[in-house]
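Undergrad: Here it is, the structure in full.
Structure follows, in structure tokens:
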């Protein structure tokens, strides 16, 4: 799908988004994407000139939605160096996320992450969400298998570039570059994904049932929840991002449980 940026999201419907749009019963109006996830369908709906309401219970997904769905014209312009970033270090902010050390990242990486979080908090509205969407991508990209539930021993093993080369024929050096470098590598791609479809598009961070109660009227609700099968624990996959921002929220229904689906 042209312009849609790389988000690294399990279950992403990017490859079939256009087919889905061709087969929905309406061609214009307002669509609620109730479980927006990586926002591939929200983005496709926006490109197809629908007014989009994009919702997800995960804050990490909400950040993507704010950055590329609700945002219609804000381009992120940053020019911060690793040296500049050090000015945003505080012992308190580092301590708040130090639980990540030797769980998902090395200690020096957690310190860099704390600086980026503090820097992001100095930005306004869509600039902040653009940076957070890029940071989310960087955090996932640095972890083998792109999931935040991988055991530390496995992370260390597969971040060994020589071992990775021997086992898979490629070094996966991207696991070992800094968060800031990842952000700069993807900045243009995320900026190029921004467009205005001339309609109002909104992003929400709510449980699905709360979202249903909140809306007044839409023409279509697109529902693609986690299914009761394997590879469906999105709170484990991406929840560490929500935790470092204290944005975890409870949910009413566990769609991964086949008895409740």
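Numbering (the working numbering), first residue to last: 784 to 1044. For glycine and all other residues, C-beta sits at the position ideal for the given N, C-alpha and C.
(1) Helix, strand or coil: how does DSSP classify residue 971 here?
(2) For residue 1004 and residue 880, which I take to be in contact (beta-carbon distance under 8 Å), what is that distance rounded to the nearest angstrom?
(3) Which residues share a DSSP beta bridge with residue 987?
(4) Per DSSP, residue 815 is paired with what?
(5) Check the C-beta distance from residue 1019 over to residue 932 and give it rounded, since I have them as a contact under 8 Å.
(6) With DSSP run on the structure shown, which of helix, strand or coil describes residue 787?
(7) Using CA atoms only, rank isn't needed, just tell me which of 1030, 1002, 916 and 926 is closest to residue 976.
(8) Under a three-way DSSP split, which group does residue 888 fall into?
(9) What are the start and end residues of the alpha helix (DSSP H) that includes residue 866?
(10) Mind reading off the beta-carbon distance from residue 980 to residue 859? Whole number of angstroms is fine, and I expect it under 8 Å.
(11) CA-CA distance, residue 808 and residue 814?
(12) Keeping to the same chain, check which residues put their C-beta closer than 7 Å to that of residue 791; ignore five residues upstream and five downstream.
(13) Is the region 993–1002 in contact with the region 860–876, if contact means three or more CB pairs nearer than 8 Å?
(14) For the region 906–916 against the region 832–848, do three or more pairs of beta-carbon atoms, one drawn from each stretch, fall closer than 8 Å, so that the two count as touching?
(15) Quick check on residue 805: does DSSP put it in helix, strand or coil?
(16) Helix, strand or coil: which one does DSSP assign to residue 1030?
(17) What does the alpha-carbon distance come out to for the pair residue 1010 and residue 795?
(18) Straight-line CA distance for residue 936 to residue 835?
(19) Mind checking which residues open and close the alpha helix (DSSP H) that includes residue 947?
(20) Quick check: what's the CA-CA separation for residue 837 versus residue 949?
TA: Quick answer:
(1) Three-state result, residue 971: helix.
(2) Not confirmed; about 36 Å, so no contact.
(3) In the DSSP assignment, residue 987 is bridged to 838.
(4) According to DSSP, residue 815 bridges with 836 and 1004.
(5) 4 Å between Cβ atoms; contact.
(6) Here residue 787 sits in coil by DSSP.
(7) It is 916.
(8) In the structure shown, residue 888 sits in a strand (DSSP, three-state: E or B).
(9) From DSSP, the alpha helix (DSSP H) with residue 866 extends over 865–868.
(10) Contact between residue 980 and residue 859 fails: their C-beta atoms lie close to 20 Å from each other, not under 8 Å.
(11) Going from the Cα of residue 808 to the Cα of residue 814 covers about 11 Å.
(12) For residue 791, where only same-chain residues beyond five positions count, the Cβ hits under 7 Å are 920, 923, 924 and 929.
(13) No, the region 993–1002 does not touch the region 860–876.
(14) Touching, per the Cβ criterion.
(15) Three-state DSSP puts residue 805 in a helix.
(16) Coil.
(17) About 13 Å.
(18) Roughly 42 Å between the two C-alpha positions.
(19) Residue 947 -> alpha helix (DSSP H) spans 944–951.
(20) If you take the alpha carbons of residue 837 and residue 949, they lie about 43 Å apart.
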